[in-house]
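In this note's numbering, the protein residues as written are 39 to 204.
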């Protein structure tokens, strides 16, 4: 699974560390409008001993990359829904930080996009399901081929079945 992380400041840095530990997952790209932060995170990835990802300052260019399977969104909140909808339109699966939207309209548009483009989308709510959860993403596994999500530790469900119920 080739994942792109969008927004690599605070929470996005956690995504880098979390996804770097998920077997079968490659951090294929990083995206941030702040090139100085983007360059810092590229250095952080190199220190983890994994392959250097591509870098983008414009999420629209990232979404054109056919080698990306999924995106993880930790950008500023007002971008969450729109980035996720664009990702679905581009054929990417999505992990999206809270809040997923600012209002019902945005949220419904995202649900419609997930259904229309038959994508997998998960919305994060750290520290909600496991006592003592440290909020890390080390236990997230996005496996589009089997449509299975493991989140957080030992909680498994079918993304496609859950999104179909919305």
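Don't be surprised by glycine CBs; every beta carbon is placed ideally from N, CA and C.
Here the structure is a predicted model, which is why all the values come from computation and not from measurement.
Look at residue 161 here: in three-state DSSP terms it is strand. Residue 82 and residue 125 have their alpha carbons spaced roughly 25 angstroms apart.
The stretch 43-62 and the stretch 104-118 touch, with no fewer than 3 CB-CB distances between them shorter than 8 angstroms. Going by DSSP, residue 131 is part of the beta strand (DSSP E) stretching over 131-134. Straight-line measurement puts the Cα of residue 71 at about 15 angstroms from the Cα of residue 49. At the C-beta level, residue 101 and residue 130 come within 8 angstroms of one another. By the Cβ-count criterion, residue 76 is buried, with 16 or more other Cβ atoms from all chains shown falling within 10 Å of its own Cβ. Residue 44 and residue 97 do touch by the CB rule: their CB atoms are close to 6 angstroms apart, below 8 angstroms.
The DSSP-derived three-state label of residue 102 is coil. Considered as a whole, the stretch 42-103 harbours 48-58, 73-85 and 97-101 as its complete alpha helix (DSSP H) runs of no fewer than 4 residues, in chain order.
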